[in-house]
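Down below is the structure, laid out as structure tokens.
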Amino acid sequence: MDIDKRKLIKPIIYPIAKLLSKMNISPNSITIFCTIFTFFSSLSIIFLPNILSALLLLIAVSFDSIDGLVARISGKITKFGGFLDSTLDRLSEGFIFTFIAIYGIINNSNLIIIFSFLSMIFSFMISYSKARSECDNVPIKGGLMQRPERLLLLIIALASGYLLVGLIILTLLSIFTTFQRILIALKGYKGN
């Protein structure tokens, strides 16, 4: 999440992060808890009305950045913590898209199934392109559809009842962002 978005949610999550830090709860424990909470929030997509599932996912996504904030407040930033957070973020996204696909199966919507998996593939590609370029010390900053934007679009689509439309838009914007990051990386590699 970039700096401007952090400023928007910081007044909400900072007091919680400070409390968790004082309670000596490790950032990695928070990462694991948030992943488990995201699993159950995602599972709710097939059992609860869309608006309730969207609310649970919004809570899960909002608290996703608390682990990093607790790490900064408590001085417990580690490379493994960053690795764990990034890895479990992909798992969380996988949960969300998988349960949306199951929702599509239950509701006999092949298009929801197809676009759920396409969205997942390109969401993973966006994240992978950044991770891979960073291995070569070629940083990629930004991109149109970073993780918070992708998840917010999904939550809005789910809550509004326009899930298929949201998935189609997400797929197209994620494809665009994947190629956007490839071009950013290409410029970075040429500069090395």
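In the numbering used here, the protein residues as written are 5 to 196. The C-beta atom is built at its ideal place from N, Cα and C for all residues, glycine as well.
Option in the options with minimal Cα separation from residue i
i	options	result
residue 92	51, 32 and 56	32
residue 149	135, 166, 118 and 131	131
residue 57	167, 48 and 151	48
residue 156	145, 38, 146 and 170	170
residue 199	76, 41 and 77	Not covered by the structure: residue 199. The range shown for the chain is 5 to 196.
residue 72	105, 29, 102 and 172	29
residue 90	44, 182, 128 and 146	128
residue 163	54, 111, 173 and 183	54
Residue i in three-state terms, based on DSSP
i	result
residue 140	coil
residue 52	coil
residue 79	coil
residue 32	helix
Contact set for residue i: own chain, Cβ-Cβ below 6 Å, skip 5 residues either direction
i	result
residue 193	142
residue 168	115 and 116
residue 137	144 and 189
residue 24	74
Residues near residue i by beta carbon distance below 8 Å, same chain, minus five either side
i	result
residue 186	133
residue 159	58, 61, 62 and 65
residue 125	none
Length-filtered (4 minimum) alpha helix (DSSP H) runs lying within the segment 93–175: Unbroken alpha helix (DSSP H) runs of no fewer than 4 residues, entirely contained in the segment 93–175, are found at 114–139 and 151–164, following chain order.
Indicate whether the contact test is met: 3 or more Cβ pairs, each with one atom in the segment 111–128 and one in the segment 64–83, closer than 8 Å. Proximity of the segment 111–128 to the segment 64–83 falls short of the contact definition, fewer than three beta-carbon pairs being nearer than 8 Å.
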